[in-house]
Structure formats: structure tokens, C-alpha cells
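Residue numbers (our numbering), protein chains in the order written: chain A, 1 to 534; chain B, 1001 to 1536.
By construction, the Cβ of each residue, glycine as well, lies at the ideal position given by its N, Cα and C atoms.
Computed from a predicted model, the values in this text were never measured in an experiment.
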């Protein structure tokens, strides 16, 4: 193998996912010479816009934009580089028996709709939204801070712990108890404390299972609700939107911002190994043998991939490796990207209602979601899956040719490993049919409109994007892997046992979703270390 | 409407304890020793609540609810000098035997694994078991003291509360960095994942997971199930069974009822007055303070302090009445999860049953039917939808092997805890009791061929029956689900977690409050200490 040794960079970022790019941006803006290496021929990781069929654009992994921190959008001036987030309003949750719950942004309209199912729930909804907002306000300031190590006596950790306890005490006694319970209870128990109507509960429970290896009855699932409540567009909390041009626009503008501040990106440059000498990262070796040196290496890969597949075991402490092997990163979600010849009709939704342009769900009760989870536990995809359907081309004309439409279907649950057989064209097609059939039950003309469908299982996600076991959050969001436990207790501050090697992916606090917070926090930790070294 | 019965005219006590369960009796004794005049009122004609021995078939007696002791606080045993009041153990350190249909059973001792016959677990698992047990017990030990103290209030500003929080924090710190991190990691984890990290043997994993989900509304995959195990170990540690993960189980001579009798003796010796068949109809409130109780007979009895051994829902919603409480508090109480999932099966046997592959002397142990993690998880699945498990998990004991008095000569009693049998069974228990009983007998027949023929009488206590017979709302053994969101300073609900309720003079002392159920006596002791400090 020939070895061309290229000049030494200040920092190499392995992986051009949104977090890698965010970290790279902040490092470059701090004056560092930063090189981003991406395995694929395109940047974006799981936030991409792909042209896989004619002139249709698929957001074929992540599909909506909302969690991306406004601070990051502002500071990196993403709008200047063309990022445009179009909020969508409302939606509709459709039951298998034909009933439905229409969702409106208009508060009174939503109230009326809920009252249609239960007057009492319409009342409770006020209390519910208020409480959820409070939980969000509590957790929000924690997102852009590195979690303290509770076992450390370092001034910074103690300072952060004190900040946390002060932040917590500000809630007031009763709400401190509520918060403690909220963090530990199951979504089903939480909703039972507010609502009686099956569909209202079924609808709200949906966001507690997205991407998780939990069911709505698993303790800890209530917290996951927040990950989908923390949406924030132009300051309107909870709002969701499309990135014009698909999710690729987010990473494209990040890349543009990065290059504008002097950074360079190499695509189709798969990193084979992170090089270590005397316990210190010195650079990377590419698949073709090329070695690139740098003062620090930042990995956007998940914690399992970084340490188990991109590094030599000899370079890492045995106990740490064991903990990495124990990191829970089971994939549980599938995705269909469908090109449609026209707009499908959903009888449940009144013609011309804004609901059709929003978030469409197929679910009818917590039990249905729980049974969907039971299927996953047994190593099969859900016979009656939870679906989160969007047709962005209704709002963003750039996604599909005139009169045609692009439909994104998120599917929960779908296992990484099948109990019987393995993922291949046959099983993948069978999985796709399960999903298509359950949509067809809601939309009579849907099937005839299908021009092309890309069917993605966790296995495909791993192979294309590199997310281990196809877990969309780069690691499950359970107590044992949150805050100071994420990804590994004692290594929750973006540093690793290897000096000059950092993590910046969703494996780290605060976890998944196109949020950018891990990248932001990682850059902060890196720059602090450099200032200290200097 | 309050007419005083003869003899009790003008009767007045410092404290009335509503309910003569083990916690009520423990609480009463501590109060009497604290110089209070105490009256215990028990609705049943037998004391002990969930810790009773009943004759379920002529000549056959069994511990009707709880059937093994593993967490009776050694402090309570000493303070109340129970041995002196006739409390003795028929057996202790009972080993656990994990049964399996397709291999010889696994004997799980406190520190080590012994395989019966040929089926040994891998040496790797045997090693892992030792470290796993030691580690968990170490973590649990850090929590132990918190069970025996009153949970602190958050942001009360009181130094006592701050101190107790600091103490807990300090104990956790003292674990050292490695173990502290491990505690903070596994604390919220599911037992399924934790066991997968350590072991490969399915039978072993099933048996170890059983203890984590026993008496809870959780499956092995439910986060928080490691916590319930730690809780169990912590209470076992307080019972003096240090470093005993699997085998700290003992059996009182005469069944659990004998323990309650000893507790009653201790109470009377301390000057407590006890009345059975005296069901309390409501708690008297005067000027927003508890002032006594009214019995179902209409008799009114006055007291400065009323301590309720009844579960929180019964206490606040039935005996006290929502009108005396603010709506927020009532809502919290109403939302308390109190539905049980554990049933109890009692068999009167003509002879000792033969469990395949289990040497007769090993039958004296604690036999588990939980052959794998997935078996347990599937058993749990049904309960989520209001169905009973099609293949339930069982904890079986044959108490007559240690205590022949419980049955006629040569005959035996089998007592089993059965999971999962949800309180709110779709279709109702009255209709489905026969099917479920038959299902259980079939299951037992497979493990112990011929047992059906030996059984002269079969009794199944569902959570519904437990609710009716032991007056526990929802029929939950712990009065309220033991889960992180109903534990420590939020158990049973904020505002009542320090044993005193929003109504002055009304206290709780049952399993519904910290540290929860299991025959521990700690809740009663903690409550008494609160009453005494307040009044003092």
C-alpha cells in the first residue's frame, strides 16, 4: 500500500453528518484549519436530499426539521446560505376503524376537535400542554451544555452540578416532584393522568416511541415525548417544518457555512482507522492507505463504530471497550420514500383542510402501539405499525415534478435483525407491503398512484449511513444512556480515553434528532481544552 | 349517629391505628413504647393483614398472601424482641431452584451456583454470578439506610431534609467512582439488558430476572426493573442478609401468621389495645384535624392522632373523604397505580409432589418457573392487555417440608405466587377463574407429573380476591406499584411522603408509603418515629 503523507491539519472531523458539520463550523470559526472526511460521495449523513427516482427529491432518512437549535442557525448564518424552514400546520391521526382526530395549530379548533372525542379531554389538554411546555423549558437550557460528571470534584463539574440543582430548585417544590416523576414514568401512565379518549392518547403516545426500543408502557417513554416537543421554529415552541429542498438543505448550508469560514471537505474518503500514538490521536488512515495527520480527531460516528470498528483495540482500555460493547443501540424504525403520480385522497380528511398538508399518523390506541412493540421484541416488523406520513411536495414544490408528489413514511417498529430469515429483497418487499397496505386502508386511490417506493430497514440505514444497527439516535434514549451516562459514564463530555480524540455525534449528550447540539457542545469542549493547552 | 358501645363510653386514646397489618402493629408498638395510649382497630377477625396463616382446606393451613420472609427489618425484630414473643423460623437461607422442562434444574445459592446432576452453567457464567451478586449487593447497600429513614422533602428549607439528602448523596459518593457510576447507570436500566451484559445461560437469566419483576407491573425489558431488584436487595440487606442476592429467604414456623401473632404479643406487652372485627367506616375530622374514627357499628372513638395502615386510596378517598383535601392532592391519590398482577395458588396435597429432576431435599427450596427472559417477557405481554399469562411465571414453596404442622400428617401444602394475573382482567375473574386455575394445573403437571392427582383441594386468590379479603385497593401487595415514579419522596404522593397527611393528626404507616411493601415493618417504624417527633 502506497502511503502519501499530506500536511498536518489542526482538526479532522470523521463523518459529514449534521453534527460533524456543526462541530467543524465552530472549530473553523475559531480559526482552526479543519478537514471533514465523508465516506459517501455526498455530505449530510442522515440529513440528506437524494434524487433516487426521476426528478423526485427524497429526504430519505430524517424528514422534518424542528429540533435544530435556533442558536446554531443564527450563529452559523444558515439562512444566508439558503436554509429556509417552512412550518407546516396541523395534521391528522387516522384510526383503523375510520375514525380520526384532526390536528390544528389553531388552539380553539384543536380544542373543538378533541371535545368531539371527549369534552373532559379537551379540558385536560390545556393542563397537558402547559405541563409539557414546562418540562421543555426545564430541559432546554441543558441541551447546549456538557453534562457534569457527578463523580468528579473538578471545579467545572461542581459548578455545573450547582447550576443544575439551582435550575431544578427554581421549579418550586410541587413541580420538582412532577419533574422527577415525569422523567421516570411511562408515556401510557402519564397520558392516563390527563386523558380518557383512546385516540387522543393513541395520537399523543406516537411521539414517545419514535426511534426507541421502548413501548408506550415502558417506564422512561414519557421523557421521549419531549424530544419531539422541543421543536422550535422562529421561536414558536413545538413547531415543525420542512427544509426547503429536503433535509439535505440543512447539511448543504452547514457545509457552505463551513467552507465560507475556511474549512475543507473531502467526500468519498472513507476513514479506515483513527491513528493513535502513545495514547494520543494523531490522525486517520483512509481506506486507500492515505494517512492524514491532525492535532485532534473528532468522530461524528456513533460510539460503537468509532471505537470498535475504526480503532485498534490495543489503543483503548479493556474496561472501556467492554462498556462500549454494552452500549444499547438497537434499531427499531423503518422508512418508505414514495413517488406518487398525484395526491392521494384520505376520506378521513375534509377536502382542502390544512390537515392534509401536515403530519398524518396511522394509529388508534396505546394498545396498538404496544402490540407493534411486542412484534419488534420478537424480531419481526410490526404487523400493524405506527406510521408518521408527510407529503412535503404539497408545501415545497421543489420536491417533486408538477402535479406529482413525494411521500415520506416513517415506520415504527422494524427490527435490525429478523428472528426468521434475514433482510433481503423478499423480506424488504414484504415489510414494504405491510406499510403500503395499512396506508391503502386509509386512502382508496393511494396504491394506484405509486410510481416508485424506496424501502429502508434499519439494516439498510446501517449500510448506507453507517448508523450501527440502524438506530436513528446513535444510541437508545434510556436513563442509562442519558446526560452524564451518554454515551459512557465518565466520558459524557465529548472526550474519550484517547487524548485529542473527541466524539461529536448523537451518541453523545443530548442525543439524536437533527438538533446539532452534540456538535455544538463537542466544539465547546475541544476549544476549552485547546485554550487550556495553549 | 355516633353511639358509644358499652365499656368504651368516653374511650379516648392518644393514637388510633386503623388496620392491624404487620406495619400497623409495628407502628402501634413503637407508639406505645413512646408513652402513647394506642388502640389498633382491625376489620378482620385475624390480625396481620397480608401476613396471615389461613386454613384453605380442612386441616391444611398456608400463608395466605406473602409466603416467604426476606426483608423483615432486623432492627424491628430486635427492638420488638420478636423471638421473645414466640417468633421462630422453620427454615432460612432457602436456596432457589430454577426449574426447566428441557434440562435439569439449576440450584442458585446466595453466593454460588450449583448445577444439579449434569447441567452445569458455563464456568464463565458461574464466575460472572459471583461478581454480579457482589456488585449489586454493594450498590444496594448504599441505598439500604434510606429505606429505614423518613424521605426528605425537596426545597422545604428544613435542615433535616437537606441533611438526609446530603447523607444519601454521601453514601453514594462513598461507593467510589466506579461503583457510583455503575449505580447511576443501572439504576434506571432494565434487567433484561443488565443480565445480557453478564450472562449467557437462559435459565439463569430467567431466574435472576424473576426477582426483579416479582410483585411489580414490569417485564424484564421494562426500564426500572433493575431498580426494583436493588430495592429488594437493599431491604434484604436491612433484614441482615448481607451479600445474599438470591438466597435470603426464610419461612416462619406456623407461617406468616405466626409473625403477626408475635407482633401482636409484642404490641399488647407494650400496652397496646387491639380490637378485631372492628371495621373503621370513616375518619373523624374536626377543625381540619383528625379527631378519631367511626366504626361500621356506628361506634365513635376519639383520638388526637389517627395512623392509617390502610392503603392510600382507601385512607384518603374512602375513610377520610376527598372533601377534606385539595383537588391537586386528590388527583395525585386517584392516579396512584395500585392494581396488582400477582395471584396466589394453594394446593392441598396427599403426598409430596415429584418435580422432574429435583432431588426431594431440594424441594425445600424456592422453586421458580421462569425458564428464560423471553418466557417472562411474554408472560408480561398478556397483562398489558388485561389478559392473564398463557404461560405464567411461578414462585413455588412447599412449606410443609419445614413445618409439618401446616398439614395433616404425611400430607403437604404447595403455595405459589403466580404472575401475571392482572387485577382488571378483561372478561372478569369470576368468569375466568376456572380456566386460569386449569391452566396453572396443566403447567404444574408438566413440571411435576401427577401433581394434579395428588391435589385434594385447589385455591386461587386473584388480585380481586386479595382486594376483598385483605382490604387492599387494587389487590396490590405493595399497596401501590413500586416504581421509580412512585418511590422515596414521591411515595405514595408528594404531600404525604413523610407519613403525615395534609390533614393534621392523620398519618400513614402502610406499604403504600416509603419504603413500600414486602413484610418489612419499616414503614410502621418510620411512621411511628414521625408521630412521636411531631407530638413531642
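Grab me the residues of residue i's own chain with a C-beta within less than 7 Å of its C-beta, minus the 5 sequence neighbours each way, in chain order.
{"i": "residue 428/A", "result": "455, 457"}
{"i": "residue 1240/B", "result": "1074"}
{"i": "residue 68/A", "result": "250, 514, 515, 516"}
{"i": "residue 288/A", "result": "none"}
{"i": "residue 484/A", "result": "147, 148, 149, 150, 492"}
For residue i, which three-state DSSP category applies?
{"i": "residue 1242/B", "result": "Annotation note: pLDDT 46 at residue 1242/B (below 50); position unreliable, coordinate value reported separately. Here residue 1242/B sits in coil by DSSP."}
{"i": "residue 1104/B", "result": "coil"}
{"i": "residue 1137/B", "result": "helix"}
{"i": "residue 506/A", "result": "coil"}
{"i": "residue 1149/B", "result": "coil"}
{"i": "residue 334/A", "result": "strand"}
{"i": "residue 243/A", "result": "strand"}
{"i": "residue 1069/B", "result": "strand"}
{"i": "residue 141/A", "result": "helix"}
{"i": "residue 276/A", "result": "strand"}
{"i": "residue 10/A", "result": "strand"}
{"i": "residue 1087/B", "result": "coil"}
{"i": "residue 51/A", "result": "strand"}
{"i": "residue 302/A", "result": "coil"}
{"i": "residue 1251/B", "result": "strand"}
{"i": "residue 1419/B", "result": "strand"}
{"i": "residue 1002/B", "result": "Interpretation of residue 1002/B is limited by its pLDDT of 38, a score under 50 that renders its predicted location unreliable; no figure is taken from the coordinates."}
{"i": "residue 89/A", "result": "coil"}
{"i": "residue 1346/B", "result": "strand"}
{"i": "residue 1021/B", "result": "strand"}
{"i": "residue 219/A", "result": "strand"}
{"i": "residue 1504/B", "result": "strand"}
{"i": "residue 359/A", "result": "strand"}
{"i": "residue 64/A", "result": "coil"}
Since residue i sits in a beta bridge, which residues does DSSP pair it with?
{"i": "residue 1359/B", "result": "DSSP, once it has assigned bridges, lists no residue as partnering residue 1359/B."}
{"i": "residue 530/A", "result": "Residue 530/A pairs with nothing; no bridge assigned."}
{"i": "residue 100/A", "result": "94/A"}
{"i": "residue 1490/B", "result": "The partner list for residue 1490/B (beta bridge, DSSP) is empty, contrary to what the question assumes."}
{"i": "residue 1459/B", "result": "1346/B"}
{"i": "residue 388/A", "result": "361/A, 410/A"}
Can you find the residues in the same chain that come closer than 8 Å, C-beta to C-beta, to residue i, ignoring five residues on each side of it along the sequence?
{"i": "residue 1002/B", "result": "Model confidence at residue 1002/B stands at a pLDDT of 38, short of 50, so the residue's coordinates are unreliable and nothing is read from them."}
{"i": "residue 327/A", "result": "303, 304, 475, 481, 487, 488, 507"}
{"i": "residue 450/A", "result": "338, 339, 340, 341, 436"}
{"i": "residue 361/A", "result": "91, 92, 93, 94, 203, 206, 386, 387, 388, 389"}
{"i": "residue 192/A", "result": "201"}
{"i": "residue 1534/B", "result": "1500"}
{"i": "residue 186/A", "result": "216, 217, 218, 219, 220, 221, 222"}
Could you name the residues of the same chain whose beta carbon sits closer than 6 Å to that of residue i, not counting the 5 residues immediately before and after it, in chain order?
{"i": "residue 318/A", "result": "none"}
{"i": "residue 501/A", "result": "281, 297"}
{"i": "residue 1314/B", "result": "1473"}
{"i": "residue 1063/B", "result": "1053, 1255, 1256"}
{"i": "residue 1444/B", "result": "1451"}
{"i": "residue 532/A", "result": "none"}
Open item on the list: For the stretch 457–486 of chain A, list every residue whose C-beta sits within 8 Å of some C-beta in chain B, in sequence order.
Closed with: 478, 479, 480, 484, 485
Open item on the list: If the cut-off is 7 Å on Cβ atoms, which residues from the stretch 1196–1217 of chain B count as contacting chain A, listed in chain order?
Closed with: 1197
- [ ] Pull out every residue of the stretch 208–234 of chain A whose Cβ sits closer than 9 Å to any Cβ of chain B, in chain order.
- [x] 213, 214, 215, 217, 218, 219, 220, 221, 222
- [ ] For the stretch 1360–1412 of chain B, list the alpha helix (DSSP H) runs that are entirely contained and at least 4 residues long, ordered along the chain.
- [x] 1373–1384
TODO: Identify each residue in the stretch 355–370 of chain A for which the Cβ-Cβ distance to at least one residue of chain B is less than 7 Å, and report them in chain order.
DONE: 367, 370
Task: Every unbroken beta strand (DSSP E) inside the stretch 1254–1325 of chain B [3 residues or more] - done: 1273–1275, 1280–1286, 1289–1295, 1300–1308
Task: Near-chain B residues of the stretch 486–506 of chain A (beta-carbon distance less than 7 Å), N- to C-terminal order - done: 489, 490
Open item on the list: To be precise: take each residue of the stretch 154–182 of chain A, compare its Cβ to all Cβ atoms of chain E, and keep it if any distance is under 9 Å. Which residues remain?
Closed with: Included in the structure are the protein chains A and B, with no chain E among them.
Task: Near-chain B residues of the stretch 328–356 of chain A - C-beta to any C-beta below 7 Å - done: 328
Task: Proximal residues, the stretch 1221–1233 of chain B versus chain A, C-beta separation under 8 Å - done: 1221, 1222, 1223, 1224
Open item on the list: Using a Cβ-Cβ cutoff of 9 Å, what residues of the stretch 1362–1386 of chain B are near chain A? List them in chain order.
Closed with: 1374, 1377, 1378, 1381, 1384, 1385
TODO: Return the residues of the stretch 1275–1301 of chain B that lie within a Cβ-Cβ distance of less than 7 Å from chain A, sorted by chain order.
DONE: none
- [ ] Taking only runs that begin and end inside the stretch 444–500 of chain A, name each unbroken alpha helix (DSSP H) of 4 or more residues, in chain order.
- [x] 446–449, 458–465
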